[in-house]
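Chemist: Position 2 of the sequence shown, counted from 1, bears residue number 1 in my numbering, the numbering being contiguous throughout.
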Amino acid sequence: MDERKKKILQSIIDDYISTAEPVGSRTVARKHELGLSSATIRNEMADLEEMGYLTQPHTSAGRIPSDKGYRFYVDQLMKQSELTVDEICSIKSAMDTKINELGQLLRQVSAVMSKITNYTSMAAIPERKNSVLKAVQVVPVERGKALVVVITNSGTIKNSLINISESILPEYLISVSNIFNEKLSGLTIEQINMPVIREIELLMGSSQEVLMPILNGVTDCIEQIDSAEVFLEGAINMLNYPNSGMLRGHESFLSLWLKKI
Numbered sequence: 000m001d002e003r004k005k006k007i008l009q010s011i012i013d014d015y016i017s018t019a020e021p022v023g024s025r026t027v028a029r030k031h032e033l034g035l036s037s038a039t040i041r042n043e044m045a046d047l048e049e050m051g052y053l054t055q056p057h058t059s060a061g062r063i064p065s066d067k068g069y070r071f072y073v074d075q076l077m078k079q080s081e082l083t084v085d086e087i088c089s090i091k092s093a094m095d096t097k098i099n100e101l102g103q104l105l106r107q108v109s110a111v112m113s114k115i116t117n118y119t120s121m122a123a124i125p126e127r128k129n130s131v132l133k134a135v136q137v138v139p140v141e142r143g144k145a146l147v148v149v150i151t152n153s154g155t156i157k158n159s160l161i162n163i164s165e166s167i168l169p170e171y172l173i174s175v176s177n178i179f180n181e182k183l184s185g186l187t188i189e190q191i192n193m194p195v196i197r198e199i200e201l202l203m204g205s206s207q208e209v210l211m212p213i214l215n216g217v218t219d220c221i222e223q224i225d226s227a228e229v230f231l232e233g234a235i236n237m238l239n240y241p242n243s244g245m246l247r248g249h250e251s252f253l254s255l256w257l258k259k260i
């Protein structure tokens with residue numbers, strides 16, 4: 000793309016971000032000192048549309064950026080600015096915080112990015128079906144309650160608080176943990192199937208009343224590991240900008256945010 004097209008594309012995207020309205024050639028010629036006539040800009044806009052960087056929502060309307068146009072804008076046209084001292088301190092403070100789990104890290108990163116940019120920040124952990132289980136522990140918390148902890152080789156930690164029979168002794172929970180570690184350690188999420196669970200049930204040799212809460216707790220932890228996680232910070236910032244048109248077509252994103260709160 001030549002420099003003239005780049006300047007026109009940047010002008011159109013800057014205006015659209017500010018106004019949320021389609022941008023016409025007259026507007027570009029009037030607002031931006033490009034040294035080009037409206038007719039020349041119109042021809043260049045037609046080329047940019049043909050190249051896939053702009054779209055025209057209506058025949059009589061101006062142009063708006065396409066996904067390809069936004070991608071080019073971010074990669075090639077946005078001006079990089081230096082971080083302020085306060086922003087650098089915020090990042091350093093966040094990174095100095097002791098974090099033991101990937102989800103905590105991404106949540107922290109999202110919060111810092113949202114604070115610095117005043118935009119909505121999103122980070123995601125994809126499904127981890129290939130995660131390998133490293134350890135399973137069933138730990139007594141208080142009478143009638145225990146904490147099931149599952150750890151993967153990548154450092155992911157999930158836990159589930161369960162209700163157990165008050166007659167269960169800590170020694171029994173240690174033996175149960177040993178059985179889970181013997182049968183599950185080294186397996187991926189996908190490899191944990193019903194035959195494996197049945198074998199664990201036989202080895203535990205307890206009544207359903209004792210067995211089921213513990214198995215359900217372990218299953219709950221495994222499902223947490225297996226599912227994708229999304230971390231959203233500063234979603235309310237979407238309402239701080241005049242370009243409300245950016246929200247149109249992103250209902251699924253907003254729906255996802257609403258489900259997370």
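Every residue gets a Cβ at the ideal spot worked out from N, C-alpha and C, and that includes glycine.
Going by the CB atoms, is the gap between V147 and I213 shorter than 8 Å?
Modeler: Here residue 213 corresponds to residue number 214 of the sequence shown, with the count starting at 1. Here residue 147 corresponds to residue number 148 of the sequence shown, with the count starting at 1. Contact: yes.
Chemist: For K157 versus Q223, is the C-beta spacing smaller than 8 Å?
Modeler: For the purposes of this step, residue 157 is taken as residue 158 along the sequence shown, with counting starting at 1. For the purposes of this step, residue 223 is taken as residue 224 along the sequence shown, with counting starting at 1. Going by C-beta atoms, K157 is nearer than 8 Å to Q223.
Chemist: Which residues does DSSP list as the beta-bridge partners of I156?
Modeler: For the purposes of this step, residue 156 is taken as residue 157 along the sequence shown, with counting starting at 1. Paired residue(s): I150.
Chemist: So the candidates are R142, N152 and S130; which of them puts its Cα closest to the Cα of S166?
Modeler: Looking up residue 166 in the sequence shown gives position 167. Nearest option by C-alpha distance: R142.
Chemist: So, for G233: in the same chain, excluding its five sequence neighbours on each side, which residues have a beta-carbon less than 7 Å away from its beta-carbon?
Modeler: On the sequence shown, residue 233 is found 234 positions in, with the first residue counted as 1. Answer for G233: S113, Y118, T119 and S120, listed in chain order.
Chemist: For I199 and F179, what's the separation of their Cα atoms in angstroms?
Modeler: Within the sequence shown, numbered from 1, the residue matching residue 199 stands at position 200. Within the sequence shown, numbered from 1, the residue matching residue 179 stands at position 180. The alpha-carbon atoms of I199 and F179 are separated by roughly 7 Å.
Chemist: Just to confirm my understanding: we take N236, look at its own chain, exclude 5 residues before and 5 after, and list those with CB closer than 8 Å. What are they?
Modeler: Stepping through the sequence shown from its first residue, residue 236 is reached at position 237. Within the same chain, N236 has close Cβ partners S113, N117, Y118 and T119.
Chemist: Name the DSSP bridge partner or partners of S120?
Modeler: As a first step, residue 120 is located in the sequence shown; it is residue number 121 there, counting from the start. S120 pairs with E232.
Chemist: Using the C-alpha atoms, what's the distance from S89 back to L8?
Modeler: Here residue 8 refers to the residue found at position 9 of the sequence shown. Here residue 89 refers to the residue found at position 90 of the sequence shown. The straight-line gap from Cα to Cα measures roughly 34 Å.
Chemist: Within 10 angstroms of its Cβ, does P280 collect 16 or more other Cβ (buried), or is it exposed?
Modeler: Any question about residue 280 goes unanswered here, given that the chain covers just 0 to 260.
Chemist: Taking all protein chains shown into account, do 16 or more other C-beta atoms lie within 10 angstroms of the C-beta of S243, making it buried, or fewer, making it exposed?
Modeler: Here residue 243 refers to the residue found at position 244 of the sequence shown. Its pLDDT being 49, under 50, S243 is placed unreliably in this model, and the coordinates cannot settle the point.
Chemist: What first and last residue would you give for the alpha helix (DSSP H) that runs through L47?
Modeler: Sequence index remark: in the sequence shown, residue 47 carries index 48 (1-based). It spans S37 to E49 - the alpha helix (DSSP H) in which L47 sits, taken as one unbroken run.
Chemist: Identify, in the order they occur along the chain, each residue of the same chain with its Cβ nearer than 8 Å to the Cβ of I69, setting aside the five sequence neighbours on each side.
Modeler: Here residue 69 refers to the residue found at position 70 of the sequence shown. Residue identity check: residue 69 is Tyr in the sequence provided, not Ile. Once the five neighbours on either side are set aside, the close Cβ partners of Y69 are I12.
Chemist: Going by C-alpha distance, which of Q107, V131 and Y15 is nearest I191?
Modeler: Taking the first residue of the sequence shown as position 1, residue 191 is located at position 192. Nearest C-alpha to I191: V131.
Chemist: Please confirm whether A28 and S36 have their CB atoms less than 8 Å apart.
Modeler: Position 29 of the sequence shown holds residue 28. Position 37 of the sequence shown holds residue 36. Against a cut-off of 8 Å, the Cβ pair of S36 and A28 comes out as a contact.
Chemist: Using a Cβ-Cβ cut-off of 6 Å (strictly less than) and excluding sequence neighbours within five positions of K133, which residues of its own chain qualify?
Modeler: What you label residue 133 is simply residue 134 of the sequence shown in a count that begins at 1. Only I150, T151 and N152 meet the Cβ criterion.
Chemist: Would you give the residue range spanned by the alpha helix (DSSP H) that P194 belongs to?
Modeler: Locating residue 194 in the sequence shown gives position 195, where the first residue counts as 1. Counting along the chain, the alpha helix (DSSP H) containing P194 begins and ends at M193 to M203.
Chemist: Q136 lies in the beta strand (DSSP E); which residues open and close that run?
Modeler: In the sequence shown, residue 136 corresponds to position 137, counting from 1. L132 to E141 is the extent of the beta strand (DSSP E) around Q136.
Chemist: Taking all protein chains shown into account, do 16 or more other C-beta atoms lie within 10 angstroms of the C-beta of T83, making it buried, or fewer, making it exposed?
Modeler: Position 84 of the sequence shown, counted from the start, is the residue given in the question as residue 83. So T83 ends up on the exposed side.
Chemist: Can you name the start and end residues of the alpha helix (DSSP H) that R3 belongs to?
Modeler: Numbered from its first residue, the sequence shown carries residue 3 at position 4. Note, R3: alpha helix (DSSP H), E2 to T18.
Chemist: Rounded to whole angstroms, how far is the Cβ of S80 from the Cβ of Q136, which I believe are closer than 8 Å?
Modeler: Numbered from its first residue, the sequence shown carries residue 80 at position 81. Numbered from its first residue, the sequence shown carries residue 136 at position 137. The Cβ separation is near 48 Å, so there is no contact.
Chemist: If I'm right that S159 touches D219 with Cβ under 8 Å, what's the distance once you round it to whole angstroms?
Modeler: Translated into positions along the sequence shown, residue 159 becomes position 160. Translated into positions along the sequence shown, residue 219 becomes position 220. Right, their Cβ atoms sit about 4 Å apart.
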